[in-house]
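Numbering (this note's numbering), first residue to last: 13 to 507.
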Ligand code: ADP
Ligand code: GLC
């Protein structure tokens, strides 16, 4: 089969800049696509945090002119590097005014006031870069609202551009909650013409909704798990777009994310005090001890240690957890939490740690090595999410023998099988209702199995450790979808 030219545009990419799972996906999928033989290239903004020296980024000759509608032309610098341990090119769009700031999207919890301009600029720069490189993409794979303007631009501004003749688009929806909603004035910057500002394209309640435009104009969309692809068709998970998504369901897919096992494997993890694997768990006990010490908790092998890592956002079930925590603290367990986000939650969980120093450890901030150490040293991993498009930490947990306790939503439901004591089958413990009682009850159940059914618990752990969510398989799914998109484009051209 012929190789494809794939351009993947994302607002964050591991290891250069990351706030969540999108970066993990954008850093790993391209490598897996490359391994399938495709010419894949990645584009992201050159934020202030992207370290040019560390990653040996080289400037491309010449500036990139980016037409910004009513703002006039903006000029971007472009740097080039590669994804580590690969030869996948990554291009970084540099613009001091837009990206030379501390944060990716916000600072001190406040979103930047010009995020519309920043990502419209980035989306247009991606198009201009493809032209500059003479790279004719078969598919541009865009991700979330930040790059959702690209399918719109392709069908409007660039509709007759020979460089994009036959270029298709795939929009991955990693999180429907964030849609890129702005004041309608952004239409003048997007510059596609006010005729596209209508309720069937970019307009919503008088403002502009960039993700909505992307959903309408893209050739296909992917919702990162089968279950989430179903859920976003309902009012509960649709964030107001469920009607539109239902109407476009013919082009909706649910390819599950994979895991980069070069990064996330206890057998080779460089961040953990001692490596281990399913046939030798000695190292895991060492990791648990080190983790308890790191959080100043009593060093006890005989108490179950539950880990939590994630953005402290409503999505992650932090309100549920805050209601359940006092009951959890009555149990003979330990909990360690790593996260940053909502200020109330940062204060609340820090207070819990002060009240229960022997049971609850908390680190507020973003710390990659610690996230690996929590995966390795915990016995269980808690994800009480209200919604979870895919979720990566529960999949990492499986590999590290850290049994997930999850709410059965989205990717959490798709990746974790509930424990069955009679058959000793399953890979974790699930609850369904988004209530503190259901959360507490399920933690109690898992803890009871840990204390009183050691053999059963060991079996669940082993079942999980043997599972693999390889990117190679997911990438094949993407390749099939890209070919389907291209086929659809070609047949509509020939109609
Ligand atoms: P989301 O993308 O919704 O945040 P995912 O589970 O898909 O959720 O991915 C989150 C990723 O971000 C994981 O790789 C996780 O380890 C990482 N992460 C989240 N919060 C932190 C933190 N405070 N410190 C280190 N890593 C974090
Ligand atoms: C999002 C979702 C998360 C998913 C990640 C990568 O941030 O919240 O569930 O795993 O994107 O697709």
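Where a beta carbon is used, it is the ideal one built from N, C-alpha and C, also for glycine.
By DSSP, does residue 181 sit in helix, in strand, or in coil?
In the chain shown, the residue the question calls residue 181 occupies position 169. Reduced to three states, the DSSP call for residue 181 is strand.
In the DSSP assignment, find the beta strand (DSSP E) that holds residue 17 and state where it starts and stops.
Counted from its first residue, the chain shown places residue 17 at position 5. Per DSSP, residue 17 belongs to the beta strand (DSSP E) from 17-21.
Helix, strand or coil for residue 275 per DSSP?
Translated into positions along the chain shown, residue 275 becomes position 263. Residue state, collapsed to three classes: coil.
Please report the residue range of the beta strand (DSSP E) in which residue 234 lies.
What you label residue 234 is simply residue 222 of the chain shown in a count that begins at 1. Where residue 234 is concerned, the enclosing beta strand (DSSP E) stretches over 232-234.
Between which two residues does the alpha helix (DSSP H) holding residue 62 run?
Residue 62 sits at position 50 when you count from the first residue of the chain shown. Segment: none, residue 62 is in no alpha helix (DSSP H) and carries neither H nor E.
In three-state terms, what does DSSP make of residue 282?
The residue labelled residue 282 in the question sits at position 270 within the chain shown. In the structure shown, residue 282 sits in coil (DSSP, three-state: anything other than H, G, I, E or B).
Residue 402 (DSSP reduced to helix, strand or coil):
Residue 402 sits at position 390 when you count from the first residue of the chain shown. In the structure shown, residue 402 sits in coil (DSSP, three-state: anything other than H, G, I, E or B).
Could you check if residue 13 is buried or exposed, using at least 16 other CB atoms within 10 Å of its CB as the buried criterion?
In the chain shown, residue 13 corresponds to position 1, counting from 1. Label assigned to residue 13: exposed.
With burial defined as no fewer than 16 other Cβ atoms inside 10 Å of the residue's Cβ, what is the status of residue 483: buried or exposed?
By 1-based counting over the chain shown, the position of residue 483 is 471. Buried.
How is residue 194 classed by DSSP in three states: helix, strand or coil?
Position 182 of the chain shown, counted from the first residue, corresponds to residue 194. Correct three-state label for residue 194: strand.
Taking only heavy atoms of the ligand GLC into account, decide whether any of them is closer than 7 angstroms to the Cβ of residue 464.
Taking the chain shown and counting its residues from 1, one reaches residue 464 at position 452. No; taking the cut-off as 7 angstroms, the Cβ of residue 464 has no heavy atom of the ligand GLC nearer than that.
Contact test: residue 485 Cβ vs the ligand GLC heavy atom, cutoff 7 angstroms:
Taking the chain shown and counting its residues from 1, the one referred to as residue 485 is at position 473. No, the Cβ of residue 485 stays beyond 7 angstroms of every heavy atom of the ligand GLC.
So, is residue 262 buried or exposed, given that buried needs 16 or more other C-beta atoms within 10 angstroms?
Within the chain shown, the letter at position 250 stands for residue 262. When all chains shown are included, residue 262 counts as exposed.
Pick out whichever of 18, 116, 73 and 82 has its Cα sitting closest to the Cα of residue 54.
Counted from its first residue, the chain shown places residue 54 at position 42. Minimum Cα distance to residue 54 is reached at 18.
Are at least three pairs of beta-carbons, each pair with one atom in the stretch 341-356 and one in the stretch 320-331, less than 8 angstroms apart?
yes
Among the candidates 51, 71 and 391, whose CA atom is the shortest distance from the CA of residue 58?
Within the chain shown, residue 58 is the residue found at index 46, counting from 1. If we check each option's Cα against that of residue 58, 71 comes out closest.
Where residue 16 and residue 150 are concerned, what is the direct C-alpha to C-alpha distance, given to the nearest angstrom?
Start at 1 with the first residue of the chain shown, and residue 16 comes out as number 4. Start at 1 with the first residue of the chain shown, and residue 150 comes out as number 138. If I take the Cα positions, the gap works out to 6 angstroms.
How is residue 211 classed by DSSP in three states: helix, strand or coil?
As a working mapping, residue 211 is identified with position 199 in the chain shown. Three-state result, residue 211: coil.
Quick one: using the 10 Å Cβ neighbour count with 16 as the cut-off for buried, is residue 510 buried or exposed?
Because residue 510 is not part of the residues shown, which for the chain are 13 to 507, the question remains open.
Please report the straight-line C-alpha distance between residue 27 and residue 51, rounded to a whole angstrom.
By 1-based counting over the chain shown, the position of residue 27 is 15. By 1-based counting over the chain shown, the position of residue 51 is 39. Residue 27 and residue 51: Cα-Cα distance of roughly 20 angstroms.
State the beta-bridge partners of residue 53 as determined by DSSP.
Here residue 53 corresponds to residue number 41 of the chain shown, with the count starting at 1. DSSP, once it has assigned bridges, lists 19 as partnering residue 53.
Whole-angstrom distance between residue 433 and residue 520, CA atom to CA atom
Because the chain in this structure spans residues 13 to 507, residue 520 falls outside the shown range and cannot be described.
Between residue 135 and the ligand ADP, is there a pair consisting of the residue's CB and a ligand heavy atom that are separated by less than 7 angstroms?
Translated into positions along the chain shown, residue 135 becomes position 123. No.
For the ligand ADP, I want to know if residue 36 counts as a neighbour, meaning its beta carbon is within less than 7 angstroms of at least one of the ligand's heavy atoms.
Residue mapping note: residue 36 aligns to position 24 of the chain shown, counting from 1. Residue 36: yes, Cβ under 7 angstroms from the ligand ADP.
How big is the Cα-Cα spacing for residue 93 and residue 64?
Position 81 of the chain shown, counted from the first residue, corresponds to residue 93. Position 52 of the chain shown, counted from the first residue, corresponds to residue 64. Answer to the nearest angstrom: the Cα atoms are 9 angstroms apart.
Bridge-paired residues (DSSP) for residue 39
Stepping through the chain shown from its first residue, residue 39 is reached at position 27. Partner(s): none; residue 39 has no beta bridge.
At a threshold of 7 angstroms, does residue 379 count as lining the ligand ADP (C-beta to nearest heavy atom)?
Locating residue 379 in the chain shown gives position 367, counting from the first residue. Residue 379: yes, Cβ under 7 angstroms from the ligand ADP.
Rounded separation between residue 498 and residue 443 - CA only:
As a first step, residue 498 is located in the chain shown; it is residue number 486 there, counting from the start. As a first step, residue 443 is located in the chain shown; it is residue number 431 there, counting from the start. If I take the Cα positions, the gap works out to 41 angstroms.
Ignore the nearest five residues each way along the sequence and tell me which others in residue 425's own chain have a CB closer than 6 angstroms to its CB.
Stepping through the chain shown from its first residue, residue 425 is reached at position 413. Excluding sequence neighbours, residue 425 sits near 239.
Do residue 250 and residue 257 come within 8 angstroms of each other at the CB atom, strictly closer than that value?
Here the question's residue 257 lines up with position 245 in the chain shown. Here the question's residue 250 lines up with position 238 in the chain shown. In this structure, residue 250 lies closer than 8 angstroms to residue 257 by Cβ.
Distance cut-off 7 angstroms: residue 388 Cβ against heavy atoms of the ligand ADP
Walking along the chain shown from the start, residue 388 turns up at place 376. Checking every heavy atom of the ligand ADP against the Cβ of residue 388, none is found closer than 7 angstroms.
Taking the alpha-carbon of residue 174 as reference, which of 160, 142, 191 and 333 has the nearest alpha-carbon?
Indexing the chain shown from 1 puts residue 174 at position 162. Closest option to residue 174, Cα to Cα, is 142.
For the beta strand (DSSP E) that residue 321 lies in, which residues bound it at each end?
As a first step, residue 321 is located in the chain shown; it is residue number 309 there, counting from the start. Note, residue 321: beta strand (DSSP E), 317-324.
Ordered along the chain, which non-local residues of its own chain (more than five positions away) have a Cβ less than 8 angstroms from that of residue 225?
As a position in the chain shown, residue 225 is number 213, starting the count at 1. Counting only Cβ-Cβ distances below 8 angstroms, and skipping sequence neighbours, we find 160, 161, 163, 164, 208, 213 and 214.
Flag this pair as yes or no: are the beta carbons of residue 307 and residue 348 separated by less than 8 angstroms?
Taking the chain shown and counting its residues from 1, one reaches residue 307 at position 295. Taking the chain shown and counting its residues from 1, one reaches residue 348 at position 336. In this structure, residue 348 lies closer than 8 angstroms to residue 307 by Cβ.
On the DSSP bridge assignment, give the partners of residue 349 in chain order.
Taking the chain shown and counting its residues from 1, one reaches residue 349 at position 337. Paired residue(s): 320 and 374.
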